[in-house]
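Numbering (this note's numbering), first residue to last: 2 to 287.
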Ligand SMILES: [Zn+2]
């Protein structure tokens with residue numbers, strides 16, 4: 002008998018679409034290393050680190066996700082208190098829900114984000130997305146329970162306030178939205194900054210890590226970051242050629258192809274939109 006596999010395509014605002022089979026659980030926690038975990042809720046990934054008697058939790062994702070996040074932290078580290086919440090960036094589909102983590106695990110824990118995230122989050126005035134209580138501009142090192150957790154700002158990339166989490170001793174990183182494991186960019190690259198994104202990817206490549214957890218999709222290694230940087234470089238070159246040939250944006254979206262990336266997530270739906278975004282940026286430079 003032939004079994005049909007029902008596939009749900011879930012699209013999240015400002016995140017990536019991903020295909021989840023109907024059999025996939027709504028959420029799951031994956032151990033990356035001793036005390037280091039990826040928490041996935043639907044198509045979004047968070048990242049948490051057990052440090053001594055507590056936990057540093059990056060990206061609560063949503064109010065619903067955060068209550069599952071609390072359960073999972075309690076399951077793998079019973080009694081852990083919240084040292085800090087960290088926002089990778091200001092976008093609501095990753096940053097919402099910190100109050101749930103604080104209420105359940107540590108009401109006094111700071112919420113840490115890049116300084117440029119503060120004004121945007123405060124302006125949104127969303128009670129489920131409290132503004133950061135501690136901000137930094139370039140780099141911040143957190144020391145909890147013998148662990149060092151570094152937060153690095155690599156410049157504008159996807160949003161102007163994206164930070165990367167680095168565990169230098171464990172050589173593990175966590176990066177969201179501006180890079181992932183063999184996926185094209187989200188739709189027409191909303192809130193992406195060019196040419197800054199190229200520099201941010203090059204700087205990410207220089208950080209000392211071997212494994213990297215992403216805000217969407219499966220974890221990878223340094224080579225995934227190299228492939229993502231090459232993808233944007235190839236996209237830029239292909240669209241530059243289209244601009245030089247005098248193609249319109251519509252023509253470029255129809256004609257530009259990068260077959261070597263056809264197997265990547267999102268290629269079918271989003272690649273033409275990536276072309277449009279690159280075209281608009283290049284046209285604005287002329
Ligand atoms: Zn985002």
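Think of the CB as a built atom: it goes at the ideal place given N, C-alpha and C, for glycine as much as any other residue.
| Cβ neighbours of residue 33 in the same chain (closer than 7 Å, five flanking residues each side left out) | Excluding five sequence positions before and after residue 33, the CB atoms of its chain that fall closer than 7 Å to its own CB belong to 39, 173, 212, 214, 220, given in chain order.
| said: Whole angstroms are fine: how far does the CA of residue 225 sit from the CA of residue 280? | reply: Approximately 25 Å between the Cα atoms of the pair.
| request: Could you please give the first and the last residue of the uninterrupted beta strand (DSSP E) stretch that includes residue 322? | output: With the chain running from 2 to 287 in the structure shown, residue 322 is simply not present.
| Using DSSP with H/G/I as helix, E/B as strand and the rest coil, what is residue 1? | There is no way to answer for residue 1, as the model of the chain reaches only from 2 to 287.
| query | From residue 175 to residue 165, what distance separates their C-alpha atoms? | reply | Distance between the alpha carbons of residue 175 and residue 165 is about 6 Å.
| field | Proximity to residue 248 [Cα-Cα], best of 232, 228, 284 | value | For the residues 232, 228, 284, the minimum Cα distance to residue 248 belongs to 284.
| query | Hey, would you say residue 239 sits closer than 7 Å to residue 208, going by beta carbons? | reply | no
| task | Identify every residue that forms a DSSP beta bridge with residue 38. | result | 32, 49
| Coarse secondary structure for residue 266, derived from DSSP in three states | Residue 266: strand per DSSP, three-state reduction.
| field | residue 178 Cβ short of 6 Å to ligand 1 heavy atom set | value | Yes - ligand 1 has a heavy atom lying nearer than 6 Å to the Cβ of residue 178.
| query | CA-CA distance, residue 67 and residue 61? | reply | 5 Å
| query | Looking at the structure shown, is residue 201 part of a helix, part of a strand, or coil, going by DSSP? | reply | helix
| Closest residue to residue 270 among 30, 84, 187 (Cα-Cα distance) | 187
| request: Compare the Cα-Cα distances from residue 205 to each of 184, 191, 227 and report the closest residue. | output: Residue 227 holds the alpha-carbon nearest to the alpha-carbon of residue 205 among 184, 191, 227.
| field | Counted within 10 angstroms of its Cβ, other Cβ atoms place residue 89 as buried (16 or more) or exposed | value | When all chains shown are included, residue 89 counts as buried.
| message | ligand 1 and residue 119: does any heavy atom of the ligand fall closer than 6 Å to the residue's C-beta? | response | no
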